[in-house]
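Numbering (UniProt numbering), first residue to last: 1 to 420.
Encoded as structure tokens, the structure appears first; notes follow it.
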């Protein structure tokens, strides 16, 4: 194991190198983020963002695998070597929202992770870490409703990795506990699932022979009522919300097919799965009562975020060095969800939240879209990227740190599994 002096020397050199490399590339990094912001693309349609990032990386000497893991808008770049050494993954998101563009600031997420990758690459070369581990920049499309990281987990993109790191912007003051801080290194997000149901009945003329029909709209409405009654028995932090997406075609025709979609949220993955089960029971009961049949699908499941206190404390220290004070771990649970939660159940993960000045506008609003392109937001995202780069240095260079990080993950994962 390296001596404390050796570790200290490497940390010092890495900090200086990361700062100078970030400064050298800052205008180019900001242009990538702004170009993505001005070309918003929905999940799995991020062609411009994919190509823009890949072009930037290749122009700076990195080898890039485009369309990685059989996903057309995914990419991967890797540096370093060593089969038995640590592997750090930086996750870059870049999908937008329908109608309001980058209202969740994914152009800033991409900026932070790209900054971290190019900066640590230079630091690895300067400190001799290039032969002591690998670092990957993984383009993770379709976070907004597409479960991109879940697909990448299934495809093996995170297999063998030591840690996965990323960040996320939010509005200043959104979380009361974080007021006065630049952000929170650790913030618990909740589990979420989407469940849809198609009800099938029998069409009939509503005025002439209604008794010949089986009303699929009644099944959808019955489900809505059942779920409304279910809400009285759910926990305070749980949510069930939905819409009827197809209620029939004409008022004088008994519908033979209707559709309904619900979102379900709970503080834990186990709680969310149990709530989905109960919602399905509401669907089945309504179908039985109306003599209809039902087919359900659950295409999306985002797990709750498992925090890693070792990574959170180290990031807080590095951001303090850069002049930003972060809350190490926020006790308050926010009602948002992310597919990074699924990753956090598989390997040590980091998903910090940092504030940008957006006035009264919160994420997923037009005001936040505008805020995500301001010089202040870009500057904050780049500083966060420097902090992420230093986390990678800690993991690659300090075996004691990596051991503590892994132990913390195993303990937190065991606790999460005990709740199932």
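We put the beta carbon where it would ideally sit given N, CA and C, even for glycine.
The structure presented is a predicted model; accordingly, all values stated were derived computationally and were not measured.
Check: Determine the burial state of residue 375: buried for a count of at least 16 other Cβ atoms within 10 Å of its Cβ, exposed for fewer.; Outcome: exposed
Check: Closest to residue 118 by C-alpha separation, out of 226, 392, 417, 414, would be which residue?; Outcome: 392
Check: Can you give, in chain order, each stretch of the beta strand (DSSP E) that sits fully within the region 59-100 and has at least 3 residues?; Outcome: 64-66, 75-81, 86-92
Check: By the DSSP assignment, the alpha helix (DSSP H) with residue 458 in it spans what residues?; Outcome: Because residue 458 is not part of the residues shown, which for the chain are 1 to 420, the question remains open.
Check: Alpha carbon to alpha carbon, how far is residue 132 from residue 372? Give it in angstroms, no decimals.; Outcome: 36 Å
Check: Taking the alpha-carbon positions, what's the residue 191 to residue 208 distance?; Outcome: 48 Å
Check: Within 10 angstroms of its Cβ, does residue 16 collect 16 or more other Cβ (buried), or is it exposed?; Outcome: exposed
Check: Only counting runs of 3 or more residues, tell me where the beta strand (DSSP E) segments fall wholly within the region 122-163, in order along the chain.; Outcome: 133-139
Check: What does the alpha-carbon distance come out to for the pair residue 325 and residue 81?; Outcome: 34 Å
Check: Name the one or two DSSP bridge partners that residue 196 has.; Outcome: 261, 297
Check: How about residue 46 and residue 142: are their beta carbons less than 9 Å apart?; Outcome: yes
Check: Could you pull out every residue in the same chain whose Cβ sits closer than 8 Å to the Cβ of residue 413, ignoring the five residues on either side in sequence?; Outcome: 306, 345
Check: Going by DSSP, name the residue or residues bridged to residue 307.; Outcome: None; residue 307 has no bridge partner.
Check: To the nearest angstrom, how far is the alpha carbon of residue 328 from that of residue 34?; Outcome: 29 Å
Check: Can you tell me the Cα-Cα spacing of residue 205 and residue 217, whole angstroms?; Outcome: 14 Å
Check: Compare the C-alpha of residue 12 against each of 126, 76, 37 and name the closest.; Outcome: 126
Check: Taking 9 Å as the threshold (C-beta atoms), are residue 73 and residue 139 in contact?; Outcome: yes
Check: Residues in its own chain within less than 7 Å of residue 96 by CB, not counting five upstream and five downstream?; Outcome: 40, 41, 42, 102, 106
Check: Do residue 351 and residue 189 have their beta-carbon atoms positioned less than 9 Å apart in this structure?; Outcome: yes
Check: Return yes when the Cβ of residue 347 is within less than 9 Å of the Cβ of residue 147, no when it is not.; Outcome: no
Check: Would you mind listing the alpha helix (DSSP H) stretches within the region 372-398 that are 4+ residues and don't spill past its ends, in chain order?; Outcome: 375-397
Check: What residues match up with residue 170 in a beta bridge as DSSP calls it?; Outcome: 355
Check: For residue 417, which of 85, 223, 269, 185 has the nearest alpha-carbon?; Outcome: 269
Check: Which residue's Cα is closest to the Cα of residue 124: 288, 354, 18, 253?; Outcome: 18
Check: How about the region 312-325 and the region 266-285: do they share at least three Cβ pairs that are nearer than 8 Å?; Outcome: no
Check: Considering only residues of the UniProt domain "Peptidase M20 dimerisation" (198-280), which uninterrupted alpha helix (DSSP H) runs meet the minimum length of 4 residues and lie entirely inside it, listed in chain order?; Outcome: 216-230
Check: In the structure shown, what three-state DSSP assignment does residue 175 receive?; Outcome: coil
Check: My output table needs one value for residue 302: the three-state DSSP class, helix, strand or coil.; Outcome: strand
Check: Express the C-alpha separation of residue 294 and residue 213 in angstroms, rounding to a whole number.; Outcome: 16 Å
Check: Assuming residue 159 and residue 21 form a contact by the criterion Cβ under 8 Å, report the distance between their Cβ atoms to the nearest whole angstrom.; Outcome: About 29 Å; that fails the 8 Å criterion.
Check: Say whether the region 285-299 touches the region 357-364, bearing in mind that this needs 3 or more beta-carbon pairs closer than 8 Å, one atom from each stretch.; Outcome: no
Check: For residue 176, I'd like the list of residues in its chain whose CB is within less than 8 Å of its CB, leaving aside the five on either flank, ordered along the chain.; Outcome: 332
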